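Below is one structure, written out as structure tokens; comments come after it.
2 protein chains.
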Amino acid sequence: MGQSITFHKADQLKKKPDAGQLGFGKYFTDYMFEMDYTLEKGWHDPKIVPYGPISLDPAATIFHYGQEVFEGLKAYRAEDGRILLFRPNKNMERMNQSCARLNIPKIDEKFVVKAIKKLVAVEQDWIPNQPGQSLYIRPFIIGTDAALGVHPSSMYKLLIILSPVGSYFGNSMSPVKIYVEDEYVRAVKGGVGFAKTSGNYAASLKAQTKSEELGFDQVLWLDGVEHKYIEEVGSMNIFFKIDDEVWTPALNGSILPGVTRNSVIALLKHWGITVKEKRISVKKLFKKAEKQQLKEVFGTGTAAVISPVGFLKWEDHVIKVANGETGKLSKKLYDTLTGIQTGKQKDELGWTEEVKVEKEKVTE
Amino acid sequence: MGQSITFHKADQLKKKPDAGQLGFGKYFTDYMFEMDYTLEKGWHDPKIVPYGPISLDPAATIFHYGQEVFEGLKAYRAEDGRILLFRPNKNMERMNQSCARLNIPKIDEKFVVKAIKKLVAVEQDWIPNQPGQSLYIRPFIIGTDAALGVHPSSMYKLLIILSPVGSYFGNSMSPVKIYVEDEYVRAVKGGVGFAKTSGNYAASLKAQTKSEELGFDQVLWLDGVEHKYIEEVGSMNIFFKIDDEVWTPALNGSILPGVTRNSVIALLKHWGITVKEKRISVKKLFKKAEKQQLKEVFGTGTAAVISPVGFLKWEDHVIKVANGETGKLSKKLYDTLTGIQTGKQKDELGWTEEVKVEKEKVTE
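Protein sequence lines, in the order shown, are assigned to chains A and B.
Count along the first sequence from 1, add 36, and you get the number used in the numbering used here.
Count along the second sequence from 1, add 36, and you get the number used in the numbering used here.
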């Protein structure tokens, strides 16, 4: 693409929130990145502008036919002051896979990584540096045609917004309670389950609120065909430590191919631990638990990184995992991943990319 | 609700498009209806305002987690000058069913019908009166919270926009070519297939463009579990005339409960024709065709009303239906439905509602 990114200075900057009350995705920084697509020009006019409302025709595709993809990644402030991104190329690669499924024109992956770096460089003062904190990066694309025929949009907007965040499930790494959902379905093979698109999340809300009403934190999704096989948990991938092996559902078309999932598998293999990506029936899992072979359960995702699971309920069966506490392997994975992400630990697998503020400088 | 709808006059009105070039959902009228929802106030501040862009925070729920529902209905100009709506209460009833699935707060159905009537009364000069033409009405609700945690939004906007339209598939009632999709899936039981929500349409685009590339007009969806049973066609419900009976897939949780579908079933029964809502395998359908028992195929929907199907392709099998022409029953249903809708034919089933302009008058 090689286009230069223009910069529009804000008249006034916001007061930054207290580090202690960040939560997740509640505060947004002073600037955002914006880029447009038309059939004639392709992706064009990349710019960093003051964060603010976007104005769309009420007939825009996004409001009616949901043509949308998004990504989530984080920028970390290392103890030595460096700014680190974690595998941004993997997110952009997945964004293009999502685009392909949703009939959205592809992005230039390298260019969008560059846009992320420039925006993060501009907003470097917004990167929080307490343990578990980071600057969450949310790129997303929406169809913007003002037309009601059911067709792929001919115009799109790509935006990147930034939010300083604490850890997703509050500040502790306390295990979550999971409910195996047997009524609602998140996705099915042939659908859009593998894509990071808004419709998957819209469809998940009902089961999520149901699980909260029942006193659980998250839902464990089963496959949409037989309601037998484990897919993912809430908006995370899921892993099970069975004796000395680690199992996780194989990517089958209806499961989101998580970047953290991919990283956990790589780390475990790097440590010499056997990882099996396979079809896992909930029945088999509960049998393993009965035989005391289920040692740990944890979810993986960009927002939570590693989220240990302490309780699992399926129909009338209840499992207390690792005595309801955080297992050793879950803890080691969390410490290692966050260690790499924040530059505290050696990045043996070459996953981090530094944002060099001087190099990414933008001018008006 | 009993709230009064305020009216904000536009400075200038648009030039109306030529009746001959309307197409579908390309032009929008001078005004739109808008209403907001907050946890504190519920649905409030209903107003008719000049049609124009809506301004949303880039973190709004609709852009990330797709919380959206919509409806589609039409206003017709009768020959005697009356303005008629077709079963608007059915659309509002379904909108609330969609809301329940998508965690969107319910609407006051009667109040929104009233809002539709007021808006249509204001825009009566926009109702086209050529055969096949009408004023398409699109109510929709979007979640607008500026927050990135995956949770139901606490704020919503309901909008109603209007578009003068011709017939959906061009001006003739010429039969369409249908391709039985065996790779992509639209919906599955436990998902959101029965709800009119944007994610279903986003998921359908890929198969639709594939069918167009293969030289077909629309896709026939099979069930997401076994890929054996017929669900719906494109964005319409589907009917088959088998000898003297009419079959249509039963509502199973993954099929949209169409208002036109419901009306067609009622009409056929009113005429003494046997209608069977049942599970129909594509194999059985093609067997029936082989035995010359498949007499007609047609899709039903608000946009197209009745859309005859002339060709069906499934794997290597091809069926030419009714010699590739519009069947008698399809034609009779189209004439009767559009006759009732436009006041030409007696409304024996009490389906139309008149918009009385004087009664619906709004003032600034």
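Note that the Cβ used here is the ideal one computed from N, Cα and C, for glycine as well.
Since the model is a prediction, treat every value here as computed from it, not as a measurement.
Distance CB(residue i)-CB(residue j) smaller than 7 Å
| i | j | result |
| --- | --- | --- |
| A:G270 | A:R174 | no |
| A:Y192 | A:I177 | yes |
| B:D253 | B:V212 | yes |
| A:I301 | A:K154 | no |
| A:N139 | B:L241 | yes |
| A:V333 | A:L304 | no |
| A:T372 | A:M209 | no |
| B:T65 | B:L184 | no |
| A:Y67 | A:V158 | yes |
| B:V393 | B:Q160 | yes |
| B:Y237 | B:P141 | no |
| A:A96 | A:T180 | yes |
| B:K30 | B:L330 | What is shown of chain B runs 37 to 400, which leaves residue 30 of chain B out entirely. |
| A:V156 | A:C135 | no |
| B:I119 | B:V311 | no |
| A:V216 | A:V357 | no |
Where the beta strand (DSSP E) containing residue i begins and where it ends
| i | result |
| --- | --- |
| B:D81 | 78–86 |
| A:P285 | 281–285 |
| B:V212 | 212–217 |
| A:T336 | 330–337 |
| A:L348 | 341–350 |
| A:I163 | A:I163 -> no beta strand (DSSP E), and no H or E assigned at all. |
Closer than 7 Å to chain B by CB, residue i
| i | result |
| --- | --- |
| A:Q103 | yes |
| A:V224 | yes |
| A:S91 | yes |
| A:N139 | yes |
| A:T60 | Here residue 60 of chain A turns out to be Phe, not Thr, going by the sequence shown. Closer than 7 Å: yes. |
| A:P86 | no |
| A:I266 | no |
| A:P241 | Correcting the residue type first, residue 241 of chain A is Leu in the shown sequence and not Pro. Yes - at least one Cβ of chain B is within 7 Å of the one on A:L241. |
| A:A183 | yes |
| A:P94 | yes |
Counted within 10 angstroms of its Cβ, other Cβ atoms place residue i as buried (16 or more) or exposed
| i | result |
| --- | --- |
| B:V354 | exposed |
| A:P82 | buried |
| A:R315 | exposed |
| A:N359 | exposed |
| A:S366 | buried |
| A:T296 | buried |
| A:G229 | buried |
| A:K225 | buried |
| A:T233 | buried |
| A:G78 | exposed |
| A:S91 | exposed |
| B:P89 | exposed |
| B:N273 | buried |
Alpha helix (DSSP H) segment containing residue i, residue limits
| i | result |
| --- | --- |
| A:H100 | 97–100 |
| A:D147 | Note that residue 147 of chain A corresponds to Phe in the displayed sequence, not to Asp. It spans 145–158 - the alpha helix (DSSP H) in which A:F147 sits, taken as one unbroken run. |
| A:D371 | 364–377 |
| B:M128 | 124–137 |
| B:T245 | 234–249 |
| B:V295 | 295–306 |
One or two residues paired with residue i in a DSSP bridge
| i | result |
| --- | --- |
| B:L258 | B:I266 |
| A:K314 | A:P285 |
| B:F176 | B:F106, B:L195 |
| A:W387 | DSSP lists no partner for A:W387. |
| B:D72 | B:H80, B:K193 |
| B:A182 | B:A96 |
| B:V201 | B:S170 |
| B:N273 | B:T336 |
C-beta neighbour in chain A for residue i, strict 7 Å
| i | result |
| --- | --- |
| B:L287 | no |
| B:V261 | yes |
| B:P200 | no |
| B:V186 | yes |
| B:H100 | yes |
| B:V228 | yes |
| B:S271 | yes |
| B:F106 | yes |
| B:I197 | yes |
| B:Y215 | no |
| B:I178 | yes |
| B:Y192 | no |
| B:A151 | no |
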